[in-house]
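> Chains as they are written, first to last, in my numbering: chain A, 608 to 799; chain B, 47 to 611.
Glycine is no exception: its CB is placed at the ideal position from the N, C-alpha and C atoms.
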Amino acid sequence: MPATNETTLTQWRFFTEAEAETVDAICARIFPSSDGKPGARETKVITYIDRTTANEEEALRRCYRDGVEALNALTSELYGQRFAELTDERQDEVLERVEASTATESTGAPEGPEDEGLLATFFALVWEHTIQGMFCDPQYGGNHEALGWQLVGFPGAQWGYDAEQMRPGFDSKTIPIKTLEDLRRELRRADA
Amino acid sequence: MPETAEAVVVGLGASGGIIAEQLTRAGIRVLALDKGPVHTSEEFTFKQDEVKYYSRGSLVPQLATDPVTWRPDETSTARLLPWAAGVRGNSEPLHLPPSIGPGGGTLHWGGASWRHRDADFHMKSLIEERFGPDALEEDSTMVDWPIGYDDLEPYYDRVEWELGVSGRAGNVKGAPDPEGNPYESPRERGFPMPPLRTAPADDRFKAACQSLGYRPFQQPAAVASTDYKSLKGCEYCGFCHGFLCHVNAKQSSRITSVEAALQTGNLEIRSNSRVFRLDRDPSGRRITGVSYFDPDGNVHQVQSNLVVVACYALENSRLLLASGINANGQVGQNFMTHSFGWCSLVLPEFSNPFMAPLVAASVVDDLNCDGVPDNDEGVLWGSVLTSIPGDLQPIEAAHNLPPGMRRWGQGFKDWFSENYRRLMGIHNQVPSFPSKKYYCDLDPVVKDKFGQPALRITHDWSEHDLAALKYFEKVKRAIAEEMGATQFWSEPTPPAYHLSTHEVGTHRMGENPADSVVDIYGESHECKGLYVVGGGQFPTLSGYNPTQTLQALAYLSADHILDKV
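Structure, rendered in structure tokens:
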């Protein structure tokens with residue numbers, strides 16, 4: 608399939624197109640790509656989250672649905688735009704505000720407006736899923752082409768390491784990255 | 047007609063596996079019931095999967111199926127474990143009860159394999175002699191062990207040689223070896239395998255500790271360094287603690303004891319079978335069998351006059367309480383756990399923390415047990431200090447960032463990309479002391495889907511826990527500085543979680559039936575033929591990890607059942 612058609616042909620398993628746009632915009636602020644190195648977008652974190660959420664329990668799915676709605680309601684009120692339409696700087700300001708409400712919640716102080724508690728939980732959930740989507744095995748839909756592992760120098764699913772590789776200071780980026788599918792293929796080949 | 051069995055073992059983990067093997071080898075036909083699944087060889091082979099095993103905690107029981115509640119004190123209302131409940135779930139699976147299914151906790155464990163020191167069996171006497179009779183708090187329920195190191199030495203030896211432990215001995219029959227642990231109590235012989243190759247950053251840790259005057263040595267590991275019996279030599283893949291082992295290097299009762307028991311032809315395993323009641327005769331003084339739910343929720347009964355309950359300190363206690371076996375009120379009392387002190391370092395060179403098992407590392411034992419120096423900070427008992435140079439995958443690493451740093455955005459991305467490959471950890475664990483304030487009982491409200499009551503934990507960190515965590519934080523910081531770390535930080539202390547997979551003490555062993563639950567062989571004082579085994583038997587917790595001691599106790603229980611002691 609030509610890459611240019613990918614976005615339009617995507618069939619989300621859980622998200623609506625509008626929800627995917629909002630969540631994708633959050634993920635891109637957690638792991639941005641403006642430095643030219645892979646971030647949440649290049650590793651397809653949104654695909655990981657969509658697939659994961661499709662199989663999750665109702666409470667988690669509702670947190671995504673309600674969280675997206677509450678975030679867009681907040682940005683509409685503040686700036687008259689949906690979250691995804693804001694500039695990067697504005698998006699960061701909003702997320703900082705949302706994260707600050709987490710801090711209030713965890714100190715046990717009286718909770719703010721109901722939406723703030725929901726947004727704090729929602730952002731914490733998206734953060735968890737973004738980290739997972741960046742560094743999961745690619746079989747889960749994220750860490751596309753192992754770009755997340757490449758970014759941090761993690762060689763992925765290995766059978767093991769030898770004494771030379773275990774020397775202090777060894778450059779792990781010289782070890783070819785493997786995925787679980789690579790391991791499966793190796794075993795199939797060995798069996799054949 | 048209910049089914050009958052010569053012996054029933056509930057839970058095939060570290061203890062249950064050993065006892066099942068010893069009984070079946072002696073010709074006893076054993077029916078084993080385990081509430082977890084049998085993990086397939088496919089799962090073992092392709093375990094290099096952090097999302098499955100870390101993020102989703104697929105080896106451990108989940109709160110939805112196995113609810114546990116916690117409250118800090120009696121005035122609070124217990125809630126489902128707040129550090130693991132909610133839509134975000136648990137970012138650290140080992141803050142829940144340990145893994146289930148044949149293998150039990152030895153599926154997930156890191157393989158830290160320690161003998162207690164002689165001093166650990168006399169903690170109370172040693173603390174009172176040194177710090178005075180009022181050193182322990184008023185509510186303390188601490189007692190010395192009814193057995194000592196010498197009683198367990200032959201059983202420690204069996205764990206090391208029958209199951210397989212790698213390491214270097216420091217004290218064989220009183221002869222010191224400077225390469226081994228200078229503080230260990232005398233042993234009859236060394237280990238059957240040499241130590242593992244260490245993870246990359248360990249050299250730096252060891253050198254720093256030596257220059258500070260400590261005597262580091264490589265920790266004993268239940269991970270094979272060479273092929274040994276049913277174990278294969280480790281390949282250092284780095285997916286170890288929390289993961290299954292793809293080469294069977296990590297000692298797990300699933301591949302040692304359970305496999306050997308199956309080969310006798312005398313073991314039948316029923317997985318996904320959840321025992322919910324221990325059945326007794328009308329007097330209540332003798333076990334008659336167990337009742338369990340099959341995977342479809344149907345109730346079954348098995349009659350037997352020998353039942354071994356080996357499903358962890360927490361579930362053991364829950365099962366006794368749910369069965370009404372608690373005449374003296376001692377079941378669930380004396381809850382103890384480790385308060386973990388994790389700290390992280392960034393090193394100037396690549397440490398590649400994703401290589402090697404968690405335990406392919408050095409430790410400092412100078413400050414453990416009664417070796418903790420005189421101090422004005424109220425620290426009565428010490429802890430082992432462990433280098434953690436390996437077994438760290440990126441998702442877990444992203445959950446432990448320097449405090450004050452924003453956890454997202456370009457700054458976070460830069461920091462993590464630059465430093466993931468330079469991380470390493472230093473760890474210590476403070477044993478909590480038993481107290482009237484800390485215990486488990488049945489939750490009056492929360493039940494599982496079968497209508498069985500959840501376990502409720504009442505526990506908070508004591509002043510001693512806090513003092514010891516603070517003391518060891520300074521020690522770790524000094525080591526990190528000596529190592530040339532460019533950054534050093536500690537996880538928040540005390541920990542927000544109160545489960546460490548090192549819970550012990552809740553069915554204490556003792557000679558007096560009035561103030562303990564089982565005898566030194568693990569047999570219930572109240573109900574004959576019922577053995578309740580595992581870390582729940584411990585009168586006190588050590589600064590060391592508990593597994594090898596509970597494995598030694600399992601061999602002792604088996605010998606008693608077979609009339610050898």
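1) Where does the unbroken beta strand (DSSP E) through Arg323 of chain B begin, and where does it stop?
2) Look at the Cβ atom of Leu365 of chain B, then the Cβ atom of Asn372 of chain B, and state whether they are nearer than 8 Å.
3) Under 7 Å Cβ-Cβ, which residues of chain B neighbour Gly760 of chain A?
4) So is Tyr282 of chain B in contact with chain A if we call contact Cβ pairs under 8 Å?
5) Taking C-beta pairs closer than 9 Å, name the residues in chain B that Asp789 of chain A reaches, listed in chain order.
6) Which chain A residues sit within Cβ distance under 7 Å of Ala444 of chain B?
7) Can you find the residues in the same chain that come closer than 7 Å, C-beta to C-beta, to Lys219 of chain B, ignoring five residues on each side of it along the sequence?
8) Could you give the distance in angstroms between the alpha-carbon of Phe251 of chain B and the alpha-carbon of Val211 of chain B?
9) Evaluate Val491 of chain B with the Cβ neighbour count: other Cβ atoms within 10 Å of its Cβ, from every protein chain shown; 16 or more gives buried, anything less gives exposed.
10) Helix, strand or coil for Ile434 of chain B, going by three-state DSSP, please let me know.
11) Hey, how far is the Cα of Ala500 of chain B from the Cα of Ile64 of chain B?
12) So Ser478 of chain B and Thr552 of chain B are supposed to be a Cβ contact under 8 Å. How far apart are they, rounded?
13) If the cut-off is 8 Å on Cβ atoms, which residues from the segment 619–650 of chain A count as contacting chain B, listed in chain order?
14) Strictly by DSSP, which residues pair up with Phe621 of chain A?
15) Between which two residues does the beta strand (DSSP E) harbouring Leu77 of chain B extend?
16) Check whether the segment 222–230 of chain B touches the segment 401–417 of chain B, counting contact only when three or more Cβ pairs, one atom from each stretch, lie closer than 8 Å.
17) Below 6 Å CB to CB, which residues in the same chain sit around Gln475 of chain B once its five sequence neighbours on both sides are set aside?
18) Does the segment 591–605 of chain B come within contact of the segment 201–209 of chain B, defined as at least 3 CB pairs closer than 8 Å?
19) Residues bridged to Leu126 of chain B by DSSP?
20) Using the Cα positions of Ala716 of chain A and Ser317 of chain B, report the straight-line distance between them to the nearest angstrom.
21) Have a look at Tyr195 of chain B and Leu182 of chain B and give me their C-alpha separation to the nearest angstrom.
22) Indicate whether at least one CB of chain A lies closer than 8 Å to the CB of Gln265 of chain B.
23) Following the continuous beta strand (DSSP E) through Cys255 of chain B, name the residue where it begins and the one where it ends.
24) Is the beta carbon of Met470 of chain B sitting closer than 8 Å to the one on Tyr282 of chain B?
25) Can you name, in chain order, every residue of its own chain whose Cβ lies under 8 Å from the Cβ of Thr334 of chain B, other than the five neighbours on each side?
26) Thinking just about the alpha-carbon of each residue, which of B:Ala254, B:Tyr99, B:Val84, B:Leu426 is nearest to the one in Asp180 of chain B?
27) Considering only their Cβ atoms, is the gap separating Arg554 of chain B from Ser562 of chain B smaller than 8 Å?
28) Compare the C-alpha of Phe381 of chain B against each of B:Leu360, B:Asn421, B:Ser397, B:Pro394 and name the closest.
29) Kindly list, in the order they appear in chain B, the residues whose Cβ is closer than 7 Å to that of Glu692 of chain A.
30) Once the 5 residues before and after Leu313 of chain B are set aside, which same chain residues still bring their CB inside 7 Å of it?
31) My output table needs one value for Arg453 of chain B: the three-state DSSP class, helix, strand or coil.
32) Closer than 7 Å by beta-carbon distance: list the chain B residues that pair up with Asp699 of chain A, in chain order.
33) Please list, in chain order, the chain B residues whose beta carbon lies closer than 8 Å to that of Leu678 of chain A.
34) Using alpha carbons as the reference points, say which of B:Gln439, B:Thr121, B:Tyr202 lies closest to Gln739 of chain A.
35) Find the nearest neighbour of Pro538 of chain B within the set B:His292, B:Leu512, B:Ala526, B:Gly556, judged by alpha-carbon distance.
36) Select from the segment 246–266 of chain B all residues with a C-beta closer than 8 Å to any C-beta belonging to chain A, and list them in chain order.
On the basis of the supplied data:
1) 320–326
2) no
3) Tyr466, Arg467
4) yes
5) In chain order: nothing, as chain B lies at least about 10 Å away.
6) Ile738
7) Pro232, Glu234
8) Using only the alpha carbons, I get a separation of about 23 Å.
9) That one is exposed.
10) Correct three-state label for Ile434 of chain B: strand.
11) 28 Å
12) Contact doesn't hold; Cβ gap of about 12 Å is too wide.
13) Arg636, Ile637, Phe638, Pro639, Ser641, Asp642, Lys644, Gly646
14) Note: Phe621 of chain A sits in no beta bridge, so no partner.
15) 76–79
16) yes
17) Contacts found: His384, Phe386, Ser429.
18) yes
19) B:Thr115
20) The predicted model places Ala716 of chain A with a pLDDT of 38, which falls under 50 and marks its position as unreliable; any figure quoted below should be read in that light. C-alpha separation (whole angstroms): 46 Å.
21) 23 Å
22) no
23) Segment 248–257 is the alpha helix (DSSP H) holding Cys255 of chain B; no beta strand (DSSP E) there.
24) no
25) If you ignore the 5 residues before and after Thr334 of chain B, its C-beta comes within less than 8 Å of the C-beta of Asp325, Arg326, Asp327, Gln349, Ser350, Asn351, all in its own chain and listed in chain order.
26) B:Leu426
27) yes
28) Of the listed residues, the one whose Cα sits closest to Phe381 of chain B is B:Leu360.
29) By Cβ distance, chain B contributes nothing, its closest Cβ being about 19 Å from Glu692 of chain A, past 7 Å.
30) Ala66, Thr70, Val76, Ala78, Ala307
31) coil
32) Result: Gly455.
33) Simply none; closest approach about 15 Å.
34) B:Gln439
35) It is B:Leu512.
36) Pro246, Ala247, Asp249, Arg250
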